[in-house]
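Trainee:
There are 2 protein chains.
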Amino acid sequence: MSSDQELAGLRQEVADVTKEIIDLISTRNDLAKKIAAAKVKGSFPAEDSRVEDALVRVVVRECEEKGVDKQVGLKVLSTLLAESKRVQGFQSKQALITPMMMSAKAQQVEATGRQLLRLDVGEPNFHPPKAVLDATSEALYGFKTHYTGARGIPELVSAVRRYLDRKHQFVAKDSEVIVNPGGRFGVYMALSTAVKEGESAIVIEPNWPAYKEGLQYIGARAISVHTTLEEGWQPSADAIHDAIRPNTKAIILSYPANPTGAIISPSKFMEIVGVANDHKLTVISDEIYTDYAYKPCQSILGSGAEKFILTSSFSKTWAMTGFRVGYSVSSEETISKMMKIQSLLVTCVPEFIQYGAIKALDSDPDVAKNSEQMKERIEAASHELDGIAALQYVKPDGAMYVFPQAKKADFDCVGFTMKLLEEKGVTISPGTGFGDYPRAFRISLGGSEETIVQGIRKIGELLT
Amino acid sequence: MSSDQELAGLRQEVADVTKEIIDLISTRNDLAKKIAAAKVKGSFPAEDSRVEDALVRVVVRECEEKGVDKQVGLKVLSTLLAESKRVQGFQSKQALITPMMMSAKAQQVEATGRQLLRLDVGEPNFHPPKAVLDATSEALYGFKTHYTGARGIPELVSAVRRYLDRKHQFVAKDSEVIVNPGGRFGVYMALSTAVKEGESAIVIEPNWPAYKEGLQYIGARAISVHTTLEEGWQPSADAIHDAIRPNTKAIILSYPANPTGAIISPSKFMEIVGVANDHKLTVISDEIYTDYAYKPCQSILGSGAEKFILTSSFSKTWAMTGFRVGYSVSSEETISKMMKIQSLLVTCVPEFIQYGAIKALDSDPDVAKNSEQMKERIEAASHELDGIAALQYVKPDGAMYVFPQAKKADFDCVGFTMKLLEEKGVTISPGTGFGDYPRAFRISLGGSEETIVQGIRKIGELLT
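Here the protein sequences line up with chains A and B, keeping their order. The numbering of the first sequence is the numbering used here, which starts it at 1 and goes up by one. The numbering of the second sequence is the numbering used here, which starts it at 465 and goes up by one.
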């Protein structure tokens, strides 16, 4: 047989095998339809995550036996699972009301001329440090209006390194730092480099919706570790251990936490890092609220995590939400992957903004003042909440939120949020936006103390 | 049989079918290895895009016959093709030297103190309009430093609409516009909404590398329509027609073109739009250089394209590269998808920058001045190139580049680029970064006329 005949024959076989795979997807779809019918007949729940877990194990084992790359097997499984759900007619879950949606809603109402007490948006009402405004404007008029390298201007990278050394006694190399266009993009790049389609990551509930949204965008699964108000929003290392699947690649931590304001003890943090190390998981630590912490808060830097990504931002500490600038710290290898993503998607952060950010890192008195004010707001909010018998809450250790929970078992946080907006002109974010918390809601402490106190009083009025 | 037994049985069947699919991937991998061996034996080329085309047809046909969602089949095929290539030991193509890489390289050299004549970077050396600097700074000091909606501030969206009406007599609704953080992100969002993993899009070569990079990032295939200097860099509608595969979803146009400066005639543009309409393709039109056009240049707006996305940016016309701000125009449905992606990945464009951008849209005299200067640079560059016998080129109709080509058949653009940097201190971008153009290179006209003239003279010196 000539070598081109041989090649043609082999290619025909590849086409046949490919066809067979499509046929098996079709068979799988037929089974999915039968399963949907059986579920209806037996009144079984539509979704059962244990079924998915079992399939992940089947695929991982089969890939190992047959020498197929596990990532390939898991990616195909992810496509198959999505197709099964489509065929079974799964309704995509009712769109959650995230803080971002509440903010959009509030802006719409405000545009009609109605004044609101805004307790929804995670944005401090402090002003950015004067030095930041001056440096940004000076850079702008100095024509720092050009492309920069994807990592960020060397002066800002150095400033971040000095800051990490001063704050965390962590000595980073330039190659371990990247300046990014804000916390969300930092989280996206962290997830993209640590978790692939068909893999999974652990998130501690309640949490900022961006983690789950990011995982879903990538085609990866979020495995939630549920924590409760009764346990002080503390996750146990055991629960995290039990959540690990054969395709789990990362665990996302963020303390002080959004929306609860909880901080876990350094020893608990280290215990979780130990579990991550044992299972070769990347710890993604979102430390954006680290300057609003009123008890010791362990950083991932210096925690002994073997694989880690720190993401942070200038938004909260320095009230620079509208600057869209942050940074990530990780291994040279991971940062180098992030630089490729950043080059491809956004080129770089605006040059003059980077010059402004340098000054933020040198403005400790502003940070101290903001932090002190946030502490006062936590006290004021707690004092008000203490007077509302229908609610319970855990006093925040940090961050800029309180996450109270109604004592009433059938409380509907979404209905309450809408009624509160309508009748009292106060905006909050429903608990279901942060996980399985239908009785809870988030109060942001970003506004003035007066706004917070007035807003919480109106919440109390509606509850009595 | 009880309904839970029935369910358990069906789930076992699903697991078995899933296992079979993994086994078939393993079989496919074995075949891929045999194919690799047969290729070596018969000295066949490693990659053959016709084989991939044939498989796409097999999968599409089989999906249609068996009622499997085509997108699912194509996505699985895309995973299988990548795995086959890995198993066959395909070397990923030698990393191309893109303009962005040349710019990074040039910055490294400059950091050592060496002065360079920079003809690499696609960045005009004009200053942003004074009104833009003032408005940006004023907004900054006015504490326009907050989150905005994902679409952009209403004032900028309105300004874009007025601009489109004035420039293209196109009446857009607010819901058809989104402000984005620059051209790259605009292109990424356009590709993401128009093309899915396993699908394909047509690009006209030579082109800005971001299109192919973006498609690759999504897991989609770029089908190149090669154009030549001899044909004046004009693609034929027939060639585009022939490039359409059963999984082709979009065609990317960008005129005036980077790197050639070519503009296609309005009638040719309309002909291509007609082909796209016939095949229900989305036309993605990157119109970033539209103000550097020295003969009539058709916009996608008003072209009759049934599905289209316009992307543009403030970077080139107003010399605002370092602001990272642009905009896209499309159907309400597509823009709404983009808003989801933008909310998830970057939240919004910095607020005070959006205020600056409004003023750019009102600065026609600056645009006219920049455009006039760019025309002079094209004339000056052409005059210099006319004196270099070893090169041929097509005089640009617009944009801010020239793309000359060596007459010598075995010219190596990468080697020449490196030698030029080393020996003459001039930076250009090799032609291979833009497609299959080993004899060509891109000269940017972003620098001063003196830089351009001196740089081209040194190119001439090295060539003789």
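For glycine and all other residues, C-beta sits at the position ideal for the given N, C-alpha and C.
1. Hey, how far is the Cα of A/Gly274 from the Cα of B/Ile752?
2. When you compare the CB of A/Gln107 with every CB in chain B, is at least one pair closer than 8 Å?
3. Listing by chain order, which chain B residues have their CB less than 8 Å from the CB of A/Val14?
4. Under 8 Å Cβ to Cβ from A/Phe90, same chain only, skipping five residues before and after it: list those, please.
5. Compute the beta-carbon to beta-carbon distance between B/Leu774 and B/Val793, rounded to the nearest angstrom, for a pair I have assumed lies under 8 Å.
6. Rounded to whole angstroms, what's the CA-CA distance from A/Trp233 to A/Asp242? Just pull it up for me.
7. Residues of the stretch 102-133 of chain A with a CB closer than 8 Å to any CB of chain B: list them in chain order, please.
8. Assuming the contact rule is C-beta atoms closer than 8 Å, A/Ile25 and A/Leu96 should be a hit. Round their C-beta distance to whole Å, please.
9. Let me know if A/Val225 comes out buried or exposed under the rule of 16 or more other beta-carbons within 10 Å of its beta-carbon.
10. Skipping 5 residues on each side, what residues in its chain have a beta carbon closer than 8 Å to that of A/Tyr401?
11. Tell me the residue span of the alpha helix (DSSP H) that contains B/Leu538.
12. Please name the residue in B/Asn644, B/Asp900, B/Leu885 and B/Gly899 whose C-alpha comes closest to that of B/Ile920.
13. Got a sec? Which residues, its chain only, sit under 6 Å from B/Val831 by beta carbon, not counting five neighbours each side?
14. Are B/Thr691 and B/Pro699 touching if we call contact CB-CB under 8 Å?
15. So is A/Glu197 buried or exposed if we call it buried at 16+ other beta carbons inside 10 Å?
16. So B/Ser807 contacts chain A; which residues on that side make the cut at Cβ distance below 8 Å?
17. Do you know offhand how far B/Val747's Cα is from B/Gly678's?
18. B/Lys608 versus chain A: which residues are under 8 Å apart at the beta carbon?
19. By Cβ distance below 8 Å, which residues in the same chain neighbour B/Asn493 in space, the five residues on each side in sequence not counted?
20. Taking the C-alpha atoms as reference points, what is the distance between B/Lys483 and A/Ala220?
21. Do we get a CB-CB distance below 8 Å when we pair B/Ile817 with the residues of chain A?
22. Thinking A/Val58 and B/Ala769 are a contact (beta carbons under 8 Å), I'd like their distance in whole angstroms, please.
23. Can you grab the Cα-Cα spacing for the pair A/Gln216 / B/Thr881, in whole Å?
24. If the cut is a Cβ gap below 8 Å, which residues of chain B does A/Ala38 touch?
25. Assuming B/His632 and A/Thr321 make a contact with CB atoms under 8 Å, what is their CB distance in whole Å?
26. Specify whether the stretch 133-153 of chain A and the stretch 109-123 of chain A touch according to this definition: at least 3 beta carbon pairs, one from each stretch, less than 8 Å apart.
27. Taking A/Val17 as the query, report the chain B residues whose CB atoms sit under 8 Å from its CB, ordered along the chain.
28. Does any residue of chain A bring its CB to less than 8 Å from the CB of B/Tyr675?
29. Can you give me the start and stop residues for the alpha helix (DSSP H) that B/Val789 sits inside?
30. Which word fits B/Asp850, buried or exposed, when buried means at least 16 other C-beta atoms lie within 10 angstroms of its C-beta?
31. Measure the C-alpha to C-alpha separation of A/Arg439 and A/Pro404 and round it to an integer number of angstroms.
32. Determine whether the Cβ of A/Gly149 lies closer than 8 Å to any Cβ atom of chain B.
33. For B/Glu652, which residues of its own chain have a beta-carbon under 7 Å away from its beta-carbon, when the five flanking residues on both sides are left out?
34. What are the complete alpha helix (DSSP H) segments, minimum 4 residues, inside the stretch 604-668 of chain B?
35. Looking at the secondary structure, which residues open and close the beta strand (DSSP E) in which B/Lys713 lies?
36. List, in order along the chain, the chain A residues whose C-beta lies closer than 8 Å to that of B/Gly646?
Mentor: Quick answer:
1. B/Ile752 has its alpha-carbon roughly 51 Å from the corresponding atom of A/Gly274.
2. yes
3. Going along chain B in sequence order, the residues near A/Val14 (Cβ under 8 Å) are Arg492, Leu495, Ala496, Ile499, Leu519 and Ser548.
4. Ala46 and Glu47
5. 4 Å
6. 18 Å
7. Residues Ser103, Ala104, Gln107, Val121, Glu123, His127, Pro128 and Leu133.
8. A/Ile25 to A/Leu96, Cβ: 30 Å. No contact.
9. buried
10. Around A/Tyr401: Gly122, Asn258, Pro259, Thr260, Gly261, Arg442, Ile443, Ser444 and Leu445.
11. Lys534 to Val551
12. Nearest option by C-alpha distance: B/Leu885.
13. Asp755 and Thr781
14. yes
15. buried
16. Met100
17. Distance between the alpha carbons of B/Val747 and B/Gly678: 16 Å.
18. Close partners of B/Lys608 in chain A (Cβ separation under 8 Å): Gly322.
19. Glu547, Ser548 and Val551
20. 20 Å
21. yes
22. So it is not a contact: roughly 47 Å between Cβ atoms.
23. 43 Å
24. The contacting residues are Ser467, Glu470, Leu471 and Leu474.
25. With a Cβ gap of about 34 Å, B/His632 and A/Thr321 do not count as contacting.
26. no
27. Leu488, Thr491, Arg492 and Leu495
28. At a cut-off of 8 Å between beta carbons, B/Tyr675 makes no contact with chain A.
29. Unbroken run through B/Val789: none, as it is neither H nor E.
30. exposed
31. 8 Å
32. yes
33. The identity of residue 652 of chain B in the sequence shown is Tyr, whereas the question assumes Glu. Correct list, in chain order: Gly678.
34. DSSP runs (the alpha helix (DSSP H)) wholly in the stretch 604-668 of chain B: 618-632 and 647-658.
35. Thr712 to Leu717
36. Val346 and Thr347, listed in chain order.
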